[in-house]
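Chemist:
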Amino acid sequence: MSDTHVVVLAAGKGTRMKSLEPKVVHRALGVPLIEHVLRAADPLRPQTTVVILGH
């Protein structure tokens with residue numbers, strides 16, 4: 729197991745996107761933005777992954 733830990737800071741209202749939804753749930757290529765980030769971190773095989781949500 730890896731000693732790597734991942735922390736994703738995913739706090740944002742999405743107001744500049746002119747949306748009532750948080751940025752992390754917007755889709756790019758049919759996939760929520762947060763999923764793109766988590767997929768990018770997956771090859772690191774982190775021991776833990778923590779997603780900080782909020783505003």
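Quick note: the sequence shown uses my numbering, first residue 729, plus one each step. The C-beta atom is built at its ideal place from N, Cα and C for all residues, glycine as well.
1. Given this structure, state the Cα-to-Cα distance separating Ala756 from Leu737, to the nearest angstrom.
2. Whose CA, out of Ser730, Asp731, Val734, Gly740, lies closest to the CA of His783?
3. Out of Val752, Pro771, Thr776, state which residue places its alpha-carbon closest to the alpha-carbon of Asp731.
4. Distance check for Ile762 and Val734, CA to CA, integer angstroms please.
5. Quick one: grab the DSSP three-state call for His764.
Modeler: Taking the coordinates as given:
1. If you take the alpha carbons of Ala756 and Leu737, they lie about 18 Å apart.
2. Between His783 and the set Ser730, Asp731, Val734, Gly740, the nearest pair of CA atoms involves Gly740.
3. Checked all of Val752, Pro771, Thr776; the closest Cα to Asp731 is Thr776.
4. As the crow flies, the alpha-carbon of Val734 is around 13 Å from that of Ile762.
5. Of the three classes helix, strand and coil, the one that applies to His764 here is helix, per DSSP.
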